[in-house]
Amino acid sequence: MAENYDLLVLGGGPAGLAAGIYGARAKLKTAIIEKGRPGGQAATTGELINYPGFGPGTTGPELTQAMAEHAKAFGVEFIKDTVIGLKLDGNIKIISGKKGEYYAKAVIIALGAEPRLLNVPGEGKLRGKGVSYCATCDADLFEELDVAVVGSGDAAVEEAEYLTRFANSVTMIVIHDEGHVDANPVSAERAFKSEKIKWVWNSTVKTINGDEIVDSITVKNIKTGEESDLAVDGVFIYVGTVPKTDLVRGILELNPQGYILTDDKMRTNIEGVYAAGDVRDKYLRQVVTAVADGSIAAVAAQKYIQERELWEKEVINSPKPVVVVYYNPIDMQGTEKTGMVDQFVKKYPEKFNLVKVDATRNELVKARYNISEEDLPFIHVFIGGEIAATINEISEDCLREILK
Amino acid sequence: MLEVTKENFAQEVLESDQVVMVDWWGPKCEHCLELMPDIEKLAEKYKDKMKFCSVNVSGNRRLAISYKVLGLPAILFFRNGEKIDELSGQDITIEDIESKIQQYLEK
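Going down the list, the protein sequences come from chains A and B.
If you count the first sequence from 1, you need to add 27 to reach the working numbering.
If you count the second sequence from 1, you need to add 503 to reach the working numbering.
Written out as C-alpha cells, the structure is:
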C-alpha cells in the first residue's frame, strides 16, 4: 500500500531536516525518507563550531540529533527506507523504496554527497582494514599507531588534527607546493603548529599496500616522479565528495560534476521537484547553507502545491472555458484592462469563467507558461485544460473574437 | 545480545560451542549505532541458532586490532575459536548481515 504525502523529503541530513521542519510547520503532511539515522555527513563530523549560535564544543552528532528531534516534535514522519527509484513527472511524484512506494505532491531531494574515492590499487580491498573515510568513526582504533591523511581541504586538515589525539603520528599527503593547503587559514594554522603532524608536499598516493591490513602506502612526488613507501597502519582519505545523484541522472539537470542544478528557489527542471543541501550545485557546502536550502525548498514546495491545486480546480478541470488574465497589480494601465475583461466576461456567465492571476507572484504560472513582467497583462483562454487562444493586446474587439 | 569485553571474550566467543557473530562498534560510529537496533532484531530472530555478541572497541582496542578490526562497523563470525568470516566498512547493510548469518546458521 502506497502512502500519500504532501511533501516527501529524500535524505535526513541537515538540509532534509530543515525542509521537514518548514514543511510540517506549513501544515503539509511531510515525511523524510532516510536509509539510516538522521544527520547525514554532519553526523560524522566531530567538531562543528561554525554553526551560528552553537560555538566551540558543538559536535556534529549533537547538532543534527537536535535538528531531528525538532523535526519530530513538529510532526515530521521519519521513514526508514532506501530510495531505489523515482518517477517525478506528473502531478503525483512516485518514490520507490526497498520497503514500499510513497506518493507525494512535491519532492525535495536532499540526498547529500559522499566521500570521493582515491581510485588507487589496494583502496577497495583494504577498506575497513586501515583505509577509512571517517576519522570520527575509526580514530580510536588507531591509538598509538601511525596514520596518513590524504588531502588538504577543511575536512582533511581538521580530521588530521582530531587524529593526533589518538595516533602516534599523522602524515599529510598534499598535492600542492610546500605550505599550501586548501583548508581555511585557522584550521591550517592549528595543524601547522601540531608536533604530531608531518607534511609530505607535491605528492599523491599511488598504491595502498598490505595483505590483510594496511601496512604502507606508496607515495609519488608529482614534481620529481620519485616514489617512496611510507609505513602506516591507517590511511584516511579526504579528497572531496561526490553527489549522490545516480538515481536522478537522466531525469534532473546536473552540472558536469553531477550536482543538481537549481534556481534560487531550489527548483529543479521538473515542476514540484526541488533539491537542497550538498547534492545541489552551489558555492558553499556547510550545515548552515544546507539548512537554508532546505527551508527555501520547503517554502517553495508549499507555495507550489497550493498554487497548483487551485490552478487545477479553477482552470484545468473547469467544465466551462476559462478566460485567464495575468496581471501585475502595480501596473495601473494594466489593471484597467483587467477591469474591462471582468466587465466583459460578466456579460456571458454561461459561456466563460474568469480567473485573474497576479503573475508577478504566482510562481507556478510564471514557470509553466514562461511569463515575464513585460508581457503583462495578457490573456490565455483555456478549453478542456488546454490553451485555446492567447490575447496579447487586450481590447473589446479581441474579447469579442473569443466569443466565436 | 551479549556485550563482551577483553576480559570475557575468550570465554564467551572463542570457547563457545556455537557459531558466534560479533558486532564491533564504537560510540562515535554513526553507522554502527544506525545498524544496532536492526542487529538486535536479527539476534532475537536467530537466537536459537547462533550466538550474538557485541564489543565496544573503545576500551577494547587491542582486542579489536588483534582480530584486524581497523574500521567500523565490523561483523565477525567465529567457530571453534577461529574467525571464519567477516563483513566490514561503512557500506554494510542489514541485508548483508542477515544473509551472512543465514549462511552459518546451525541446522
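Yeah, the Cβ is synthetic: ideal placement off N, Cα and C, and Gly gets one too.
Values in this document were obtained by computation on a predicted structure and should not be read as measured data.
Cross-chain neighbours of residue i in chain A, by beta carbon under 7 Å
i, result
"residue 577(B)", "155"
"residue 537(B)", "63, 64"
"residue 587(B)", "Within 7 Å Cβ-Cβ: nothing; residue 587(B) doesn't reach chain A, min ~15 Å."
"residue 558(B)", "Per Cβ cutoff of 7 Å: no residues; residue 558(B) is ~12 Å from chain A at best."
"residue 571(B)", "156, 239, 240"
is_contact[residue i, chain B] using C-beta, thresh 8 Å
i, result
"residue 160(A)", "yes"
"residue 357(A)", "no"
"residue 261(A)", "yes"
"residue 163(A)", "yes"
In DSSP terms, what residue i is bridged to
i, result
"residue 577(B)", "527(B), 591(B)"
"residue 352(A)", "383(A), 406(A)"
"residue 141(A)", "269(A)"
"residue 78(A)", "Paired residue(s): none; residue 78(A) is not in a bridge."
"residue 295(A)", "Paired residue(s): none; residue 295(A) is not in a bridge."
"residue 35(A)", "58(A), 134(A)"
"residue 236(A)", "243(A)"
"residue 559(B)", "528(B)"
"residue 300(A)", "134(A)"
"residue 416(A)", "408(A)"
"residue 582(B)", "585(B)"
"residue 505(B)", "556(B)"
"residue 128(A)", "123(A)"
"residue 231(A)", "247(A)"
Under 7 Å by beta carbon: chain B residues contacting residue i
i, result
"residue 88(A)", "533"
"residue 70(A)", "533"
Neighbour flag for residue i against chain A, beta carbons, 8 Å
i, result
"residue 600(B)", "no"
"residue 519(B)", "no"
"residue 593(B)", "yes"
"residue 529(B)", "yes"
"residue 584(B)", "no"
Amino acids of chain A, ordered along the chain, whose beta-carbon sits closer than 9 Å to that of residue i
i, result
"residue 567(B)", "168"
**Request:** Specify whether the stretch 301-320 of chain A and the stretch 36-48 of chain A touch according to this definition: at least 3 beta carbon pairs, one from each stretch, less than 8 Å apart.
**Result:** yes
**Message:** Check whether the stretch 107-122 of chain A and the stretch 83-91 of chain A are in contact - that is, three or more C-beta pairs closer than 8 Å.
**Reply:** no
**Asked** If we count Cβ pairs, one from each stretch, closer than 8 Å, do we get three or more for the stretch 573-580 of chain B versus the stretch 525-532 of chain B?
**Response** yes
**Request:** Count the C-beta pairs between the stretch 238-245 of chain A and the stretch 151-167 of chain A that are closer than 8 Å, then say yes if the count reaches three, no if not.
**Result:** yes
**Message:** For the structure I just gave you, are there three or more beta carbon pairs, one from the stretch 205-212 of chain A and one from the stretch 277-292 of chain A, closer than 8 Å?
**Reply:** no
**Request:** Within the stretch 241-290 of chain A, note down every full beta strand (DSSP E) run reaching 3 residues or more, in order along the chain.
**Result:** 243-248, 254-258, 261-264, 268-270
**Prompt:** Which ranges would you report for the beta strand (DSSP E) in the stretch 152-228 of chain A if only whole runs of at least 3 residues count?
**Reply:** 173-177, 196-200, 224-227
**Asked** If you scan the stretch 303-367 of chain A from start to end, which runs of the beta strand (DSSP E) of 3 or more residues do you find wholly inside it?
**Response** 349-354
**Message:** Quick check on the DSSP output: what are the complete beta strand (DSSP E) runs of length 3 or more inside the stretch 80-123 of chain A, in order along the chain?
**Reply:** 104-107, 110-114
**Message:** Under 8 Å: do the stretch 168-182 of chain A and the stretch 261-268 of chain A share three or more Cβ pairs, one atom per stretch?
**Reply:** yes
**Request:** Answer yes if the stretch 396-409 of chain A comes into contact with the stretch 543-552 of chain B, meaning at least three C-beta pairs across the two stretches below 8 Å, and no otherwise.
**Result:** no
**Request:** Let me know the alpha helix (DSSP H) ranges lying completely inside the stretch 508-557 of chain B, each 4 residues or longer, listed in chain order.
**Result:** 533-548
**Asked** Are at least three pairs of beta-carbons, each pair with one atom in the stretch 92-102 of chain A and one in the stretch 48-63 of chain A, less than 8 Å apart?
**Response** yes
**Message:** Three or more C-beta pairs under 8 Å: does that hold for the stretch 317-327 of chain A against the stretch 363-381 of chain A?
**Reply:** no
**Request:** Report yes or no: do three or more beta-carbon pairs, one from the stretch 300-309 of chain A and one from the stretch 129-143 of chain A, lie closer than 8 Å?
**Result:** yes
**Cβ contact check for the stretch 347-354 of chain A and the stretch 380-394 of chain A: 3 or more pairs under 8 Å** = yes
**Message:** Under 8 Å: do the stretch 115-123 of chain A and the stretch 214-228 of chain A share three or more Cβ pairs, one atom per stretch?
**Reply:** no
**Message:** Quick test of the definition: if touching needs 3 or more C-beta pairs under 8 Å, does the stretch 166-175 of chain A touch the stretch 189-198 of chain A?
**Reply:** yes
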